[in-house]
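Chemist: The structure follows.
There are 4 protein chains.
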Amino acid sequence: MANLRNKSKSLDNTGFGSNASAEGTRLINKDGTLNLKKVGLPFLERLSLYHALLRLPRLKFLLLVFAFYTIINIFFAIVYVLVGIEHLKGTDTSTSLAYNFQQAFFFSSQTLTTVGYGHISPSGLLANIVASLESFMGIMSFALVTGLFFARFSRPKAYLAFSESIIIAPYKEAKALMLRFASKKNNNLTDAEAQLTGAFHVMEEGKEVTKYFTLAIEMSKISSLALSWTLVHVIDEQSPFWRLNEDELMRTKFEVIVGVKAFDDHYSNIVQQRTSYTTNDLVFGAKFLPAFHRSPDGSHTVLNLHQLNKMERVVF
Amino acid sequence: MANLRNKSKSLDNTGFGSNASAEGTRLINKDGTLNLKKVGLPFLERLSLYHALLRLPRLKFLLLVFAFYTIINIFFAIVYVLVGIEHLKGTDTSTSLAYNFQQAFFFSSQTLTTVGYGHISPSGLLANIVASLESFMGIMSFALVTGLFFARFSRPKAYLAFSESIIIAPYKEAKALMLRFASKKNNNLTDAEAQLTGAFHVMEEGKEVTKYFTLAIEMSKISSLALSWTLVHVIDEQSPFWRLNEDELMRTKFEVIVGVKAFDDHYSNIVQQRTSYTTNDLVFGAKFLPAFHRSPDGSHTVLNLHQLNKMERVVF
Amino acid sequence: MANLRNKSKSLDNTGFGSNASAEGTRLINKDGTLNLKKVGLPFLERLSLYHALLRLPRLKFLLLVFAFYTIINIFFAIVYVLVGIEHLKGTDTSTSLAYNFQQAFFFSSQTLTTVGYGHISPSGLLANIVASLESFMGIMSFALVTGLFFARFSRPKAYLAFSESIIIAPYKEAKALMLRFASKKNNNLTDAEAQLTGAFHVMEEGKEVTKYFTLAIEMSKISSLALSWTLVHVIDEQSPFWRLNEDELMRTKFEVIVGVKAFDDHYSNIVQQRTSYTTNDLVFGAKFLPAFHRSPDGSHTVLNLHQLNKMERVVF
Amino acid sequence: MANLRNKSKSLDNTGFGSNASAEGTRLINKDGTLNLKKVGLPFLERLSLYHALLRLPRLKFLLLVFAFYTIINIFFAIVYVLVGIEHLKGTDTSTSLAYNFQQAFFFSSQTLTTVGYGHISPSGLLANIVASLESFMGIMSFALVTGLFFARFSRPKAYLAFSESIIIAPYKEAKALMLRFASKKNNNLTDAEAQLTGAFHVMEEGKEVTKYFTLAIEMSKISSLALSWTLVHVIDEQSPFWRLNEDELMRTKFEVIVGVKAFDDHYSNIVQQRTSYTTNDLVFGAKFLPAFHRSPDGSHTVLNLHQLNKMERVVF
């Protein structure tokens, strides 16, 4: 618990409350999601299926879609068996329920995907109605699934790699809090903009409350996020970190929330990414070493993403 | 009818006229749509089919699409019967028109969805032309339908839950008008921005007119719409609510229009939502109680959407 | 040719040159497109196929797509005939080239749309390769066509209806230039913003040049484009229309370019529309009459789009 | 290596470092991409497949998709052969592995594209499972491929043509750096905005460093990018080009980076394009000649894109 010495006003407009989270836990997870649970409404009213399906890890998404495909086929296979396998012309008549189900299942999959070989085909009113509904449903549900598949693939993302540590380094006769990031993929980000918010868990009138501060960044906009970008928060009288020594800092429960926005040329859209650092990520007395250099033949610049966290110790 | 005592200038730039709606009715419905009817142009010129289909409730949309599918099949079934059922190879020749129509109907559905089993197939020039047109039309119209289906599913929406009441609470030695809302789903809204407009139906020179005022919000932007957000309009000399007591307020015909905009990370798009409160939604002398608390194990924050309207009475 | 009496500086940042168009012709057409032709690059380098296909009138677009479908089928029909109709199993062997072409044509359409009945099927290496390529090509080209079809349908558009005339009316002890518009469809436009630019063709040192002026609008932003919006350009000393009487105005070759931007809730996108008025559209001494009124039962507002141009004569 | 005489502060917010590139090489390539290589992360983590596939030249993209289609078919053909060609009903039983593979290949392509003629059809549990998986996979992967195909086709692009040279011309009793561009296609750009950044490779304390300067543009926004737009950077005391004569200029290693943003009506989106000029592109003492003129019949304006670089020599 720190006794903050700075005189700047704390913020109210972060969207987090003053008693939002308990001591030592975070508001924002490393991956930028909120460390928050919502209750009080039925699950389905609280769920945006679209968001959930976009957030799902790739493998889980594929498994889900495959499960969905299988279940629909099982459902229709049962319906065809109930209608009577003899109404699927081309199937072997069998007394084995399992074999009939199997034949109905594959006919169903041929209908759902509209591949429709036709060696099996519906005959009679009922079987035809079911098959007609299934192919209709197939097109509609594949519209959702393939749309989602592509939406996931093409979703605007910032693809930023952040330094693991947040450091306190000497800077222009004073100290500064610094962190570093770069775009790690072959995208092209322009007009990038960063924001730092500090959340401090402090004691006030015997109660633990969370106080928020905008951490001013020396240069909060750049034209092109070509190389790595080091955010520099100078620790002056306006900073909540003002006059805290290493010991005090390490005992303070703080969280630094980083938000970055930029324009991506290929998505023609704004992308954004968030992350946060806690006291555990702080390195006191270090400075970042360059993460890029000229190529040996001098023809281009090389950015080494592995070296985003490369630093050397500095004594104040 | 109130005699407004405030001295601030009324607004002209709301887009609503001074005689826009009758006494006691609203400009904006609870769901954010306009309480407005347009006439004077043919229906089709006034209709944006795209907007209409996106706004349609889910069940109605599905029924409409299904009706559309059925009607096209009926249309083509009639054409095939007119061309002659004998040109659909594989059908049973029958003298029953109903049975022929049935066979043609299912062949049509197999063509439209491109499932094309082939146990029935077109033969002869005319039947082939019709089938070729139908499969072409099928692809084109399913492009619209499946596109719409996905557009509905993925449409950027804010998913905000608002408090049912708008309250007047004590605030910093004065009074303030307050309402509260939160994102109710698993989306992630940042850079949220709110706007309050007050519409007052007042008498002026014996005529009822509507006057509009911007209701200043103490903090109209927040970085992250993580928890609930309470909009606070301080009732000072600039406010149209200035010096109105409970009785006067309750007799005033007013409407408070709320507009919220935010950036949604997953849509990578700005989302917005509107709603409005009328005199009937006002609770005089109450304050909101917190809608969120720490989880029992202290590891995260819990937001209870059911408690957005939770308040306690206050005496001024 | 007017001698403009106003003292405000003319604009250079319109993007049009000072000798952009000849006397009496316009820079912007009524539908908002530029009255401009580009040359000096090969046609294909000057053509954005996407823009062209989105701009094409609906009927022409459908005809084009249908022609495209027919031509591809003709092409593949020829290939199948060249490969040998006997390699399409299920076709009647015939010596009539026309009949063979016909059979190949319909097989092609069944392959392209992936309906694939199968009563005709490729046999032999060559026919199989061609059919395999065609179905692949079918999927790829239908991706473009159906994508375009949906893109046209869902393209963000403002759907504004403008008054036919631009009027000069008495306004607050002076005169003002006014025009009016409204959203004519069931869309919901918020945060609308308008811009007026005046282009004057004047004589300068014996040469005709075009001068541009921003025409200040009294209220250039509104929160919600719910009803009709009248843009009011007060003719004061800053206006290029300052002290021109009716005669002088009618002899002046001017063009007023209107640009409107707004946020559409359903597209979740900014939409914009432009149009322009020339001297021929000017009505001197008139004022607009309200285009909306209360519904007879007082429950909502009625906007009559037919009355956007409704005005009455005024004598100055 | 120049000794820059201007007194304005150099920029730090370009996103390029002070030792980003070697002498004589560029930061931004002519096509606007970064002259930069990223290392230090596994290839797949550095690759955004979506960006890569959108950037690929058209022919390469089509070849890639076709290769993908062929490879999947080969894979499934092998699986069908392994399962046993006799489980594909309708194939000729043959002892030739090549012939069996061929038959399996074409069955595979009919399944993948969902054309499913059905003259060959799976029989038996295993073959049916494989075919069912393949048609499922076919729909899913064609969702990606056709989505990409359309995304490439409809991707918001600015389509600007730039003058080949950057010139230094006399301008209002002084000199100015100028370059010119125009939209070369049938798109409609409004609210265009340009930015010029100068990068100078200079010696500082015996080390070559890169210094960046914002090059002020006389008019950096225009309402409509209708005709050609000439960017004018006046060389005054604030300019890094201040008092450099032709010789000095030609010996200076500089790079002028141009960024243009505009709103495209048909994409309803912001588009942007970048390019850069180096010392080699500089023409000292020249002025641009108009690239547009009136059409012979006076009815519209003609913009000749071939004449964007048309200039005449000027002696200072």
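Line by line, the protein sequences give chains S, G, R and P.
Note that the first sequence covers residues 1 to 316 in my numbering.
Note that the second sequence covers residues 1001 to 1316 in my numbering.
Note that the third sequence covers residues 2001 to 2316 in my numbering.
Note that the fourth sequence covers residues 3001 to 3316 in my numbering.
Just so it is clear, CB atoms sit at the ideal spot from N, CA and C, and this is done for glycine as well.
Between residue 2065 of chain R and residue 2071 of chain R, what straight-line distance do the alpha-carbon atoms span, to the nearest angstrom?
Modeler: If I take the Cα positions, the gap works out to 10 angstroms.
Chemist: Using a C-beta to C-beta distance shorter than 8 angstroms, which residues of chain P count as neighbours of residue 1118 of chain G?
Modeler: Those are 3117, 3118, listed as they occur along chain P.
Chemist: Say whether the stretch 3077-3084 of chain P touches the stretch 3035-3050 of chain P, bearing in mind that this needs 3 or more beta-carbon pairs closer than 8 angstroms, one atom from each stretch.
Modeler: As far as the Cβ criterion goes, the stretch 3077-3084 of chain P does not touch the stretch 3035-3050 of chain P, which means the pair count is below three.
Chemist: Return helix, strand or coil for residue 2312 of chain R, following the three-state DSSP convention.
Modeler: Three-state DSSP puts residue 2312 of chain R in a strand.
Chemist: Under 7 angstroms between beta-carbons, which chain G residues line up against residue 2265 of chain R? List them in chain order, please.
Modeler: Those within 7 angstroms of residue 2265 of chain R in chain G are 1272.
Chemist: Please determine, among R/2108, R/2274, R/2161, the residue with the shortest C-alpha to C-alpha distance to residue 2305 of chain R.
Modeler: Of the candidates R/2108, R/2274, R/2161, the one whose C-alpha sits nearest the C-alpha of residue 2305 of chain R is R/2161.
Chemist: Starting from the beta carbon of residue 2147 of chain R, find every residue of chain P whose beta carbon is closer than 9 angstroms, and list them in chain order.
Modeler: Going along chain P in sequence order, the residues near residue 2147 of chain R (Cβ under 9 angstroms) are 3146, 3147, 3149, 3150, 3151, 3153, 3154.
Chemist: Does the structure place the stretch 1145-1153 of chain G close enough to the stretch 1231-1251 of chain G that three or more beta carbon pairs sit under 8 angstroms?
Modeler: Cβ pair count under 8 angstroms is below three, so no.
Chemist: For residue 2962 of chain P, which beta-bridge partners are listed by DSSP?
Modeler: This structure does not reach residue 2962 of chain P, given that chain P is present from 3001 up to 3316, and the question cannot be answered.
Chemist: In this structure, how does DSSP classify residue 2062 of chain R when only helix, strand and coil are distinguished?
Modeler: In this structure, residue 2062 of chain R counts as helix in the three-state DSSP scheme.
Chemist: Among G/1158, G/1207, G/1208, G/1217, which has the Cα closest to the Cα of residue 1188 of chain G?
Modeler: Of the candidates G/1158, G/1207, G/1208, G/1217, the one whose C-alpha sits nearest the C-alpha of residue 1188 of chain G is G/1158.
Chemist: What residue range is occupied by the uninterrupted alpha helix (DSSP H) comprising residue 50 of chain S?
Modeler: Note, residue 50 of chain S: alpha helix (DSSP H), 49-55.
Chemist: Would you verify that the beta carbon of residue 69 of chain S is, or is not, closer than 8 angstroms to some beta carbon of chain P?
Modeler: Interface residue, yes.
Chemist: Look at residue 302 of chain S and residue 3089 of chain P and say whether their C-beta atoms are less than 8 angstroms apart.
Modeler: The answer is no: Cβ separation not under 8 angstroms.
Chemist: To the nearest whole angstrom, what separates the beta carbons of residue 1165 of chain G and residue 197 of chain S, a pair I think is in contact under 8 angstroms?
Modeler: The pair is not a contact, with the Cβ atoms about 31 angstroms apart (cut-off 8 angstroms).
Chemist: Does the distance from the C-beta atom of residue 124 of chain S to that of residue 87 of chain S stay below 8 angstroms?
Modeler: Yes; because the gap between Cβ atoms is below 8 angstroms, this pair is in contact.
Chemist: Against chain P, with Cβ distances strictly below 8 angstroms, would residue 2040 of chain R count as a contact?
Modeler: Yes, contact with chain P.
Chemist: Write down the C-beta distance between residue 279 of chain S and residue 253 of chain S rounded to the nearest angstrom, noting that I regard them as a contact closer than 8 angstroms.
Modeler: With a Cβ gap of about 6 angstroms, residue 279 of chain S and residue 253 of chain S count as contacting.
Chemist: From residue 218 of chain S to residue 3074 of chain P, what distance separates their C-alpha atoms?
Modeler: Cα-Cα distance, rounded: 58 angstroms.
Chemist: Whole angstroms is fine: what's the gap from residue 2241 of chain R's alpha carbon to residue 2284 of chain R's?
Modeler: Distance between the alpha carbons of residue 2241 of chain R and residue 2284 of chain R is about 12 angstroms.
Chemist: Mapping DSSP to helix, strand and coil, what is residue 1251 of chain G?
Modeler: Residue 1251 of chain G: helix per DSSP, three-state reduction.
Chemist: Would you mind reading off the limits of the alpha helix (DSSP H) that contains residue 2139 of chain R?
Modeler: Taken as a continuous stretch (DSSP letters only), the alpha helix (DSSP H) holding residue 2139 of chain R covers 2125-2154.
Chemist: Alpha carbon to alpha carbon, how far is residue 3363 of chain P from residue 3209 of chain P?
Modeler: Residue 3363 of chain P cannot be examined here, being either before or after the span of chain P that is shown, 3001 to 3316.
Chemist: Would you list the one or two residues that DSSP bridges to residue 1172 of chain G?
Modeler: BP columns for residue 1172 of chain G are empty, so no partner.
Chemist: What whole-angstrom Cβ distance do residue 76 of chain S and residue 108 of chain S have, given they're in contact under 8 angstroms?
Modeler: Yes, residue 76 of chain S and residue 108 of chain S are in contact; Cβ-Cβ is about 4 angstroms, under 8 angstroms.
Chemist: Check this for me: beta carbons of residue 3308 of chain P and residue 3291 of chain P, under 8 angstroms apart or not?
Modeler: Cβ distance < 8 angstroms, so residue 3308 of chain P and residue 3291 of chain P count as in contact.
Chemist: If you check the beta carbons only, do residue 2144 of chain R and residue 3149 of chain P fall under 8 angstroms apart?
Modeler: For residue 2144 of chain R and residue 3149 of chain P, yes; Cβs fall inside 8 angstroms.
Chemist: My assumption, with CB atoms under 8 angstroms, is that residue 3116 of chain P sits in contact with residue 2138 of chain R. Please give the rounded CB distance.
Modeler: Not really, about 13 angstroms apart at Cβ, beyond 8 angstroms.
Chemist: Taking residue 1111 of chain G as part of the alpha helix (DSSP H), name the residues at either end of that continuous run.
Modeler: Here the alpha helix (DSSP H) through residue 1111 of chain G covers 1097-1112.
Chemist: Taking only runs that begin and end inside the stretch 192-238 of chain S, name each unbroken beta strand (DSSP E) of 3 or more residues, in chain order.
Modeler: Qualifying beta strand (DSSP E) stretches, in chain order: 207-214, 221-224, 229-234.
Chemist: How close, in whole Å, do the beta carbons of residue 1163 of chain G and residue 1193 of chain G come, if the pair is a contact with beta carbons under 8 angstroms?
Modeler: Not really, about 19 angstroms apart at Cβ, beyond 8 angstroms.
Chemist: Please confirm whether residue 1184 of chain G and residue 34 of chain S have their CB atoms less than 8 angstroms apart.
Modeler: No; because the gap between Cβ atoms is not below 8 angstroms, this pair is not in contact.
Chemist: Just to confirm the assignment, what range does the alpha helix (DSSP H) spanning residue 3046 of chain P have?
Modeler: Residue 3046 of chain P -> alpha helix (DSSP H) spans 3043-3046.
Chemist: Label residue 3259 of chain P either buried or exposed according to how many other C-beta atoms from any shown protein chain fall within 10 Å of its C-beta, with 16 as the threshold for buried.
Modeler: Buried: at least 16 other Cβ atoms inside 10 Å.
Chemist: Starting from the beta carbon of residue 234 of chain S, find every residue of chain P whose beta carbon is closer than 9 angstroms, and list them in chain order.
Modeler: Correct list: empty, because the minimum Cβ distance to chain P is about 14 angstroms.
Chemist: On a Cα-Cα basis, can you pick out the residue from P/3215, P/3142, P/3110, P/3205 that is closest to residue 3177 of chain P?
Modeler: For the residues P/3215, P/3142, P/3110, P/3205, the minimum Cα distance to residue 3177 of chain P belongs to P/3215.
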